[in-house]
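In this note's numbering, the protein residues as written are 11 to 727.
C-beta atoms are modelled at their ideal positions from N, C-alpha and C, and glycine is treated no differently.
Some notes on the structure that comes next.
Here it is as structure tokens:
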């Protein structure tokens, strides 16, 4: 069965004439700008001999310098800078700085402040590549798009591109602490060197800004949502201001996570009650202080009354009352509040998947107009697969901001190749049916479904001080995919993967095609070897690394994996239908009807919604038990296939990046086998069913797997 379901072509091994490769360490990300050769070199040289630019702002200069850097590295000759466009020029123009733009009959309406147009035009009889925008930030985004085309092998003849972001706020959330540890971070220490700031602003900060601007990311939350009160004191405001100065030319605003009890913990007030005038006055003064240091400060991200964090409910106030008090303090400065909906309570006996909806749905329409409610993609916690969060589509009067996790807390962390573009796309394409068929999650968060102008999307960053930024070369693709989808949620994960592979390795299809094939099935493979058929949250207690479906000793019920899989001698799965927790009632009727029956529930979510008998026949004709085992085997087999595919690419990839990926894929196969064997051993001890024909028995007894511990794995809180 495995050979039928899984086969890789390794025909690349027979292809000769591998391209020359240079040693690389991953620091340059997708902004490598390798030397062009042959036809590509002559084509690029003819299109980019000079840069014509009249705008003189800091952002325009950054756009000019990036073009010089990129084109100079690719052609070996830096383009000259001219005041007016000539033959072979790239012309950067805005209406306010280039009156000659009017003669080109280009229309910039609909592009807003950040959009851009790239078009081949004729100036004085000469072909010129025009990058036009209403504001300088649009010129920068357009310059990066042009460089992406040039580096990725795209056509530079007769270009006609219009692009504008569909989501207003496109942010990274750093879970970085003041001591430079990173919660759920797997790429080393925080890149924010708080001790040396504000005086020392190292070059890595600029490269961080360049990388994010190349994707259209326009904001960054510097500190952990589990915030420290010191983050809002004068010394740390000055440090944040220093970073804001570096980021500003790249169109990136700085935001801070705010701890609700800060005025109390700093000893300045006796209460943090949001309806107390003293509290409101304190936050207004704090906002004034921050904006004096950072005039374009973006606002606050808040985690309140969640996992032990303080919040307005401590004073019998609701989330809207808390958010609105902060929003009032920020509003005179144009700031916003991002209020996280990740809430669940240890004393609430209801299904954890229902609790955020229960808290927030009744508050729809009560939030101030500069508040976004930030909602995780699923109702539990960044699992390998979750149904979309029921709040999407359920709060039409409130702008909801998507929160994805780029760092892979539950998906193999830094060493597993599990491309998240497919997870992001799966969520964004999910249909809420809030206003009938086609009411996708993407349309909720881009504001088009309910007419919201304030829109946002956030990704929990996977960035650290590792030389490759994200802990592995392939983890960079998750950062890249988030940024591209934040700009346009309707972009496809496969096209983004192809783009990233071309920029990261080479546009040579002998490299791109197999790399993309590896990436596109990698996350599904992880689902199969970790949590197939809708299982969730069965990771160990040690930093969520490794399997732990047997864990039942943690203080809070919803922290224990047994809470989620509910395996017993009769079957496995969490009944969320009307006979169970009735979580399906939080979704539109069309969805609830489909999920009410085992036979109409998508099998990849089956055990999320139903407690299913071990001998229940699935669509394949197999029993649930046999199918569960086969899914685990398929996950392992896919990783084996990725290793074979990568081995065939040895002649085409530089030695350092090849060796790292080769090693990590070996580690991933070890992880996949461990997950497969441990879970099968545990679930077989409950199901008492024999393994299906051809399936290997686990390598060790169940107790051996239960004894495994990873107490010092990276990224623990």
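Give the single residue among the options whose Cα lies nearest to the Cα of residue i.
| i | options | result |
| --- | --- | --- |
| residue 35 | 243, 149 and 483 | 483 |
| residue 577 | 427, 209, 377 and 695 | 695 |
| residue 91 | 102, 84 and 83 | 102 |
| residue 223 | 165, 587 and 153 | 153 |
| residue 164 | 518, 613, 533 and 608 | 518 |
| residue 686 | 556, 652 and 583 | 556 |
| residue 531 | 263, 394, 710 and 403 | 394 |
| residue 529 | 545, 501, 487 and 495 | 487 |
| residue 478 | 188, 39 and 33 | 39 |
| residue 188 | 196, 177 and 200 | 200 |
| residue 399 | 455, 357 and 347 | 455 |
| residue 96 | 210, 83, 60 and 74 | 60 |
| residue 407 | 377, 433 and 427 | 377 |
| residue 278 | 242, 249, 485 and 300 | 242 |
| residue 246 | 203, 611 and 177 | 203 |
| residue 264 | 193, 252, 449 and 447 | 252 |
| residue 347 | 612, 516 and 179 | 179 |
| residue 611 | 171, 355 and 585 | 585 |
Which same chain residues end up closer than 7 Å to residue i when comparing Cβ atoms and leaving out the 5 residues on each side of it in sequence?
| i | result |
| --- | --- |
| residue 237 | 267, 268 and 269 |
| residue 558 | 548, 549, 550, 551 and 571 |
| residue 12 | Caution is warranted here: a pLDDT of 35 is assigned to residue 12, below 50, making its placement in the model unreliable, and no coordinate value can be reported. |
| residue 94 | 62 |
| residue 159 | 166 |
| residue 718 | 556 |
| residue 709 | 687 |
| residue 707 | 701 |
| residue 420 | 392, 393, 394, 549 and 554 |
Would you mind sorting residue i into buried or exposed? The rule is 16 or more other CB atoms within 10 Å of its CB.
| i | result |
| --- | --- |
| residue 619 | buried |
| residue 25 | Low per-residue confidence applies at residue 25: pLDDT is 37, beneath 50, and the placement is therefore not dependable enough to give any value. |
| residue 538 | buried |
| residue 437 | buried |
| residue 3 | Past the edges of the chain, shown from 11 to 727, lies residue 3, and the structure says nothing about it. |
| residue 397 | buried |
| residue 677 | exposed |
| residue 381 | buried |
| residue 534 | buried |
| residue 32 | exposed |
| residue 560 | buried |
| residue 209 | exposed |
Which of the three DSSP states, helix, strand or coil, is assigned to residue i?
| i | result |
| --- | --- |
| residue 137 | strand |
| residue 336 | helix |
| residue 12 | Note that residue 12 scores a pLDDT of 35, beneath 50, so its modelled location is shaky; the value from the coordinates is reported in the next line. Helix, per DSSP. |
| residue 515 | coil |
| residue 541 | coil |
| residue 635 | helix |
| residue 557 | strand |
| residue 450 | strand |
| residue 614 | helix |
| residue 180 | strand |
| residue 34 | coil |
| residue 124 | coil |
| residue 506 | helix |
| residue 526 | helix |
| residue 152 | helix |
| residue 292 | helix |
| residue 102 | strand |
| residue 113 | helix |
Under 6 Å Cβ to Cβ from residue i, same chain only, skipping five residues before and after it: list those, please.
| i | result |
| --- | --- |
| residue 726 | 553 |
| residue 724 | 196 |
| residue 698 | none |
| residue 68 | 259 |
| residue 513 | 40, 161 and 162 |
Apart from the five residues on each side of it in sequence, which residues of its chain come closer than 8 Å, Cβ to Cβ, to residue i?
| i | result |
| --- | --- |
| residue 16 | Residue placement at residue 16 is flagged as unreliable, the pLDDT there being 35, under the threshold of 50; the coordinate-derived value follows with that caveat. Excluding positions up to five away in sequence, the list reads 644, 647, 648 and 651. |
| residue 191 | 199 and 200 |
| residue 763 | Summary: the structure shown does not reach residue 763, with the chain confined to residues 11 through 727, and so no result is reported for it. |
| residue 418 | 196, 424, 426, 428, 430, 472, 485 and 488 |
Is it true that the segment 514-527 meets the segment 256-263, where meeting means three or more beta-carbon pairs spaced less than 8 Å apart? In short, these stretches do not touch, since the Cβ pair count stays below three.
If you pair each beta-carbon of the segment 374-387 with each one of the segment 597-605, do three or more pairs fall below 8 Å? No, the segment 374-387 is not in contact with the segment 597-605.
Can you find at least 3 beta carbon pairs, one from the segment 79-93 and one from the segment 123-132, that sit closer than 8 Å? In this structure the segment 79-93 does not touch the segment 123-132; the number of beta carbon pairs closer than 8 Å is below three.
Any contact between the segment 352-365 and the segment 435-451? By contact I mean 3 or more CB pairs, one from each, below 8 Å. Because the criterion of three Cβ pairs below 8 Å is not met, the segment 352-365 and the segment 435-451 do not touch.
For the segment 305-317 against the segment 420-428, are there 3 or more C-beta pairs whose distance is under 8 Å? In the pairwise beta carbon analysis, the segment 305-317 is classified as not touching the segment 420-428: fewer than three pairs are separated by under 8 Å.
At least three beta-carbon pairs within less than 8 Å, the segment 488-500 to the segment 226-244: Taking 8 Å as the limit for Cβ pairs, the verdict is that the segment 226-244 does touch the segment 488-500.
For the segment 622-639 against the segment 698-705, do three or more pairs of beta-carbon atoms, one drawn from each stretch, fall closer than 8 Å, so that the two count as touching? The segment 622-639 vs the segment 698-705: in contact.
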